[in-house]
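Student: I'd like to ask you about the structure that follows.
Residue numbers (this note's numbering): 155 to 682.
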C-alpha cells in the first residue's frame, strides 16, 4: 500500500530502562513529568531512580516479565510512574476505569485480562473492584504523603523505597515483539473491546507523533486526557520517552485553568479534541497577558473537527491547529504538519502505515473519490483479546476501518463519516444500543432508538425517540432520570422525544436519517 514506512526506522528501539538512564545521564535536573494541578515535578534524575524502585516493588509483589498488571481507576502523575515501572520489568500495562465501565462489565474484563496484580490508589474504595484472581495492591502518592504509605504492602513513590539500596540489577530483555499493554476501548459493541499492543505499536506510533508535530527535546507538552486512551499514550507518553522532553499532565481539562497551565509551565505543544476547542471558543479564556505565547501548536483528534470551528479557533487564539486522524486499532493514520496542512482535512498519511482508500469492490479510489479507509503495516495493534483469553489477530492483514474518506491530488485526506452509527460525543464513543437498552428497561417504553446529531460543543449529542406502550403516558424528564440511573454521565442522552411510531424500512430497519430530519424540524420550529 502507498505510504508504508520502514518498520524499524531510526532511532532504534530501546526499553524504558535504557531510555530513562540515558535521559538521567544527559540532563538529571531537567523536569521530566510535571503535575500542573498539584505543582509537583519529577526530574529525570529522580524519574529513573523511582521507576527502578517501582520495578523492584512490583517484583516483590510477584510480577514478572509478561505479567498483566491492572491500573485501576487512577489518573495523573502516579499512573504514569506506575506505567513506567510496569514496562521497566517487561510486564503488561492494563489501564481500567472501573467506575466508568461499571462493576458488571469490569468483572468480565478482569476475567479476560486475568491480571497478576490490580493496583488501586490507597484512598480508593476497594469494594469497587470486582472479585478476581488478581492480587489487589495499594499505592500511595508522589511525593510520599501519609503515614499509611509506610506499610510494607503499599507501593511507595520514593527513591529509597527498596530496603536494599542497591541498583536495579536484574536483567530484563525487552524487544519490539513483547506485549506492552491491553487497553479497553468502547468500540462498536456494548461490551468494550480489549486491544492488545506490543512495543512495536508504541515505538512506531511515537516516532510518527514526533514527525507529525515536529517535536524535539526542548518541547514541553500538556496532556489532560485520560491515559486509558491510546491517543494520549502515543501522542504524549511515547515522544516524552523517546526524546527526553517534558510532559505536563492534568487529570482532566479545565477551561478556567487552561491559560495558567500553559503560561506557568511554558507549554509548547498541547493535546486537543474538538470538544475542548469548542469550549475555548464558546467561553474564551483571557490571553491578554500573553499566557499562551509559548504554545506553538495544538492538536485535534479523536472526533471530527468542523472546519468552521478550526478557522475560528486559529483566528481568535493565533495558535496552529493540527488535525490528526487515528484509531485504537491502527494508531496514527494521517495528520497535518506544521509546514504542510490544509483546513478541513486530516492531513496526509503517517510514515509508518500503509494507507489506501478503496471502493466497495476493493479497487483504489482516484483523487476526490470517496471510499473506505483501509490500512496495514507493522504498527497496527496485534489484535483483540477474546473472552477465552486468546487473541483475534489484527496485524498481518489489511484493516478495513469503516471510515469513509477521499484523498485529493495533493495527498490530503478528508474523512466524511463512518459506515456505522457510532455516536462520538466529546471524544467518548457511544453505542446507540447502550442507550436504547437502558430506555427499554422502563415499563412504559415499547420501542426506542438513539442517534447522534450535531452539537456545537461536543461535536455530537445523542438524542432518543421513544414509543410508549399502548395506554402508557411517558414524560421525557422521567425517562432522562431513568437513564441517569443506568448510564454513565458521558453517555446520557441530551433529549428524549416521545413519538407514536418509528420510521422503518420494508425490512424493519430503523430509518435514522428520517429521524434526524424529524429532530431538525422539532428543534428549528418557531418557538422551539
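Note that beta-carbon positions come from the ideal geometry of N, C-alpha and C, so glycine has one too.
1) Could you pull out every residue in the same chain whose Cβ sits closer than 8 angstroms to the Cβ of residue 423, ignoring the five residues on either side in sequence?
2) From which residue to which residue does the beta strand (DSSP E) around residue 511 run?
3) With 16 other CB atoms within 10 Å as the buried threshold, where does residue 287 fall?
4) Shortest alpha-carbon distance to residue 392 belongs to which of 471, 359 and 480?
5) I need the DSSP call for residue 613, collapsed to helix, strand or coil.
6) In angstroms with no decimal places, state the Cα-to-Cα distance between residue 435 and residue 248.
7) Throw me the rounded Cβ distance for the residue 386 and residue 427 pair, which I believe falls under 8 angstroms.
8) By the 10 Å Cβ neighbour count, where 16 or more other Cβ atoms means buried, how is residue 415 classified, buried or exposed?
9) Taking 8 angstroms as the limit between beta carbons, can you name the residues of its chain near residue 216, skipping five residues before and five after?
10) Assign residue 462 to one of two classes, buried (16 or more other C-beta atoms within 10 Å of its C-beta) or exposed (fewer than that).
11) Of all the options 362, 407 and 421, which has the alpha carbon lying nearest to the alpha carbon of residue 480?
12) Hey, out of 222, 255 and 327, whose CA is closest to residue 240's CA?
13) Give every residue of the same chain whose Cβ lies closer than 6 angstroms to the Cβ of residue 657, excluding the five residues on either side of it in the sequence, and list them in chain order.
14) Taking only runs of the beta strand (DSSP E) that begin and end inside the segment 541-582, which ones reach a length of at least 3 residues, in chain order?
15) For a cutoff of 8 angstroms on Cβ pairs, would you count residue 484 as touching chain D?
16) Buried or exposed for residue 573, going by 16 or more other Cβ atoms inside 10 Å?
17) Apply the 10 Å Cβ neighbour rule to residue 678 and answer buried if 16 or more other Cβ atoms are within range, or exposed otherwise.
18) Helix, strand or coil, according to DSSP, for residue 237 in the structure here?
19) So what does residue 378 bridge to, in DSSP terms?
20) Which word fits residue 627, buried or exposed, when buried means at least 16 other C-beta atoms lie within 10 angstroms of its C-beta?
21) Quick one: using the 10 Å Cβ neighbour count with 16 as the cut-off for buried, is residue 559 buried or exposed?
22) Look up residue 177 in the DSSP assignment and say whether it is helix, strand or coil.
23) At the level of alpha carbons, what is the spacing between residue 225 and residue 412?
24) Just to confirm my understanding: we take residue 651, look at its own chain, exclude 5 residues before and 5 after, and list those with CB closer than 6 angstroms. What are they?
25) Suppose you measure from the CA of residue 260 to the CA of residue 284; what does that come to, to the nearest Å?
26) Could you pull out every residue in the same chain whose Cβ sits closer than 8 angstroms to the Cβ of residue 441, ignoring the five residues on either side in sequence?
27) Helix, strand or coil for residue 224 per DSSP?
28) For residue 277, does the count of other Cβ atoms within 10 angstroms reach 16, so buried, or fall short, so exposed?
29) Taking residue 384 as the reference, give the member of 398, 407 and 347 with the closest Cα.
30) The beta strand (DSSP E) spanning residue 487 covers which residue range?
31) Tell me whether the beta-carbon of residue 282 lies closer than 8 angstroms to the beta-carbon of residue 535.
32) Have a look at residue 192 and residue 378 and give me their C-alpha separation to the nearest angstrom.
33) What is the rounded straight-line gap between the Cα of residue 234 and the Cα of residue 396?
34) Straight-line CA distance for residue 253 to residue 380?
35) Looking at the structure shown, is residue 317 part of a helix, part of a strand, or coil, going by DSSP?
36) Kindly list the residues whose CB is nearer than 8 angstroms to the CB of residue 464, restricted to its own chain and excluding five residues on each side of it in sequence; keep chain order.
Tutor: Quick answer:
1) 367, 369, 373, 374, 375, 376, 449, 450, 451, 452 and 453
2) From DSSP, the beta strand (DSSP E) with residue 511 extends over 508-512.
3) exposed
4) 359
5) Residue 613: strand per DSSP, three-state reduction.
6) Their backbone Cα atoms lie some 35 angstroms apart in a straight line.
7) Not really, about 10 angstroms apart at Cβ, beyond 8 angstroms.
8) buried
9) 270, 271 and 289
10) exposed
11) 362
12) 222
13) 665 and 668
14) 545-547, 553-561, 567-572 and 577-579
15) Within the model displayed, chain D is absent; a lone protein chain is all it includes.
16) exposed
17) Exposed: under 16 other Cβ atoms inside 10 Å.
18) When DSSP states are grouped into helix, strand and coil, residue 237 belongs to the helix group.
19) Answer is none; residue 378 lacks a bridge partner.
20) exposed
21) buried
22) helix
23) 27 angstroms
24) 619
25) 7 angstroms
26) Same-chain partners within the cutoff: 413 and 471.
27) DSSP places residue 224 in strand when its eight states are reduced to three.
28) With fewer than 16 other CB atoms across the displayed protein chains lying within 10 angstroms of its CB, residue 277 is exposed.
29) 347
30) It spans 485-489 - the beta strand (DSSP E) in which residue 487 sits, taken as one unbroken run.
31) no
32) 13 angstroms
33) 15 angstroms
34) 14 angstroms
35) Any reading at residue 317 is ruled out, since the residue's pLDDT is 46, under 50, leaving its predicted position unreliable.
36) 431, 454, 475, 477, 497 and 498
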